[in-house]
Amino acid sequence: MKRMPQKGTVRIGILVRIPGVIEKLGADPEALFDEAGIDIALCKDPDNIISYASRGRLLEACVKRTGCEHLGLLLGEAGTLSSFGLIGHLAQQETTVGAALETLQRYFHLHAQGARIKTSVQGGLARLSYHVYEPMVEATFQVEDGAMAWGFNILKQLCGDGFRLSNVFFIHRAPRNVQPYEKFFRAPLSFDSEHEGLYFDARLLDKPLESQNPDLQRLLVKEVKRIQSTYHDDFLHHLKRVLHSVLWVRPASAEELAALFSMSSRTLKRRLREYGTSYREVSDEVKCQIACEVLRDSRMQLTDLTGLLHYHDASSFIKAFKRWTGQTPAQWRIEATTAPTPAPTRR
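Going left to right, the sequence shown walks through residues 21 to 367 as this note's numbering numbers them.
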């Protein structure tokens, strides 16, 4: 797995298929790649890296040229755990379906920077979701459709033959032709929803996996930790991206985050002081970014957003948001446009 540069990036992964898919749709792959300003040779190796902006630009050009609204779905249909590279192989060594999904979630920043995956449970249903948080990216819905298809394949791979989804929810509007979605997912579909995600029986999270090899797992964990250590070259930037992924799932203390970078909390605090900041200030900045993403890109209610960011009550969250942005969440949502997400101010 090759090292990530600073901007939001992702492994080529399943995009290795895009030249072939474009050709089947009647377009010239090389011409489309040239139009998007991307070297088609990147698709020869799934471990090559591409920026979110470049990938979005390419997908947008492909959709316009081919007229295929479900291009992302076609690409995601070939995704498997192995398509994640190292972290996909590590996930296959876990003891249960839930543990495998948690591993993908924990190390997803090694596959992509600019998006997150999340597994949550409510009642008797589990939800696997994917969200792009890199700002100003084209073809976001194509990317998310591909991720949903990929996620479905992963769940089938982990849960075994006979796996069925309960529901599939998409944030974007329904395409003119929903048949490709119905044929692939074989589950009730909902478009223009508040939350995206694949819903399935939560009991399957406890389903044991039979492929575990403890010796291989130790080797893979060692390699993952080695790769994580390379993130120290741009420490603050990568710290924020990792924290962004973690906070979507659970509260994160300085000690927990330090452990993800194989260092003590004392070392973490010292490194942050070198950048003229603190863990609290970094955490506030990332929470502000998440809050603004949700307010701008979804219809999530304030009470749900309060819980997502791990505040005890709405008044505490509103107070913090005003400190970060100078506005209440409701005011910010009304005025939000496509401008970059504001960072919290130090006061």
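Glycine included, each C-beta is placed from N, C-alpha and C at the ideal position.
Within a Cβ cutoff of 7 Å, which residues of the same chain sit near residue i, ignoring the five residues on either side of it in sequence?
i: GLU275; result: SER285
i: PHE183; result: LEU175 and LYS176
i: PRO39; result: PRO49, ILE60 and CYS63
i: GLN125; result: ILE137, LYS138, THR139 and VAL269
i: ILE42; result: PRO49, LEU52, CYS82 and THR86
i: GLY227; result: Before going on, a small fix: residue 227 reads as Lys here, not Gly. These residues qualify, in order along the chain: THR116, VAL117 and CYS179.
i: PHE205; result: PHE172, LEU185 and VAL188
i: ARG37; result: LEU95 and ALA98
i: TYR295; result: LEU256
i: ARG261; result: HIS129 and GLN133
i: ALA272; result: LEU263 and VAL266
Grab me the residues of residue i's own chain with a C-beta within less than 6 Å of its C-beta, minus the 5 sequence neighbours each way, in chain order.
i: THR86; result: LEU45 and ALA47
i: ASP54; result: none
i: ILE34; result: LEU95, ALA98, GLY99 and SER103
i: VAL141; result: ALA222
i: LEU121; result: THR139
i: LEU78; result: ALA56 and ILE58
DSSP has residue i in a bridge; who is on the other side?
i: LYS138; result: SER149
i: THR116; result: PRO228
i: MET221; result: Reading off the sequence, residue 221 comes out as Asp, not Met. Paired residue(s): LEU145.
i: THR100; result: Bridge partners of THR100: none, in fact.
i: THR326; result: For THR326, which the question treats as bridged, DSSP gives no partner whatsoever.
i: THR29; result: SER71
i: ALA132; result: VAL30
Go through its chain and collect everything with a Cβ distance to residue i's Cβ below 8 Å, but skip five positions before and after it.
i: PHE128; result: ILE107, ALA135, ARG136, ILE137 and SER265
i: PRO349; result: ALA311, LEU315, LEU322, LEU325, PHE337, ILE338 and PHE341
i: ARG293; result: none
i: LEU240; result: LEU106, HIS109, LEU110 and GLN113
i: THR123; result: ILE107, LEU110, ALA111 and GLU114
i: TRP352; result: CYS312, LEU315, PHE341 and THR345
i: ALA356; result: CYS312, LEU315 and ARG316
Give the range of the beta strand (DSSP E) segment to which residue i is assigned.
i: PHE189; result: 187-189
Using a 10 Å radius around the Cβ and a threshold of 16 neighbouring Cβ atoms, would you call residue i buried or exposed?
i: HIS252; result: Confidence at HIS252 is low in this model, with a pLDDT of 46, below 50, so the placement of that residue should be treated as unreliable; the coordinate-derived value is given next. With fewer than 16 other Cβ atoms within 10 Å, it is exposed.
i: SER102; result: exposed
i: ALA51; result: exposed
i: ALA81; result: buried
i: ILE354; result: exposed
i: GLU202; result: exposed
i: ARG367; result: Low confidence applies to ARG367: its pLDDT is 39, below 50, so where it sits in the model is not reliable, and the reading given next is rough at best. Looking at its Cβ environment, which holds fewer than 16 other Cβ atoms inside 10 Å, ARG367 is exposed.
i: ARG196; result: exposed
i: HIS151; result: buried
i: GLN309; result: buried
i: LYS307; result: buried
i: ALA169; result: buried
i: GLY217; result: buried
i: SER71; result: buried
i: ASP235; result: exposed
i: ALA146; result: buried
i: THR287; result: exposed
i: HIS90; result: buried
i: GLU214; result: exposed
i: ILE198; result: Looking at the sequence shown, residue 198 is not Ile but Val. Answer is exposed; the Cβ neighbour count stays below 16.
i: GLU230; result: exposed
i: ARG238; result: exposed
From what residue to what residue does the alpha helix (DSSP H) around residue i run?
i: ILE69; result: Run containing ILE69: none in the alpha helix (DSSP H); it sits in the beta strand (DSSP E), 69-71.
i: GLU214; result: Looking at the DSSP string, GLU214 is not in any alpha helix (DSSP H), and its letter there is neither H nor E.
i: VAL41; result: 38-44
i: GLN351; result: 349-355
i: LYS339; result: 334-345
i: HIS109; result: 106-111
i: ASP54; result: 49-56
Checklist entry - Quick one: complete beta strand (DSSP E) runs, 3+ long, within the segment 152-211? => result 187-189
Checklist entry - What alpha helix (DSSP H) runs, 4 residues minimum, are completely inside the segment 257-324? => result 274-280, 285-294 and 299-317
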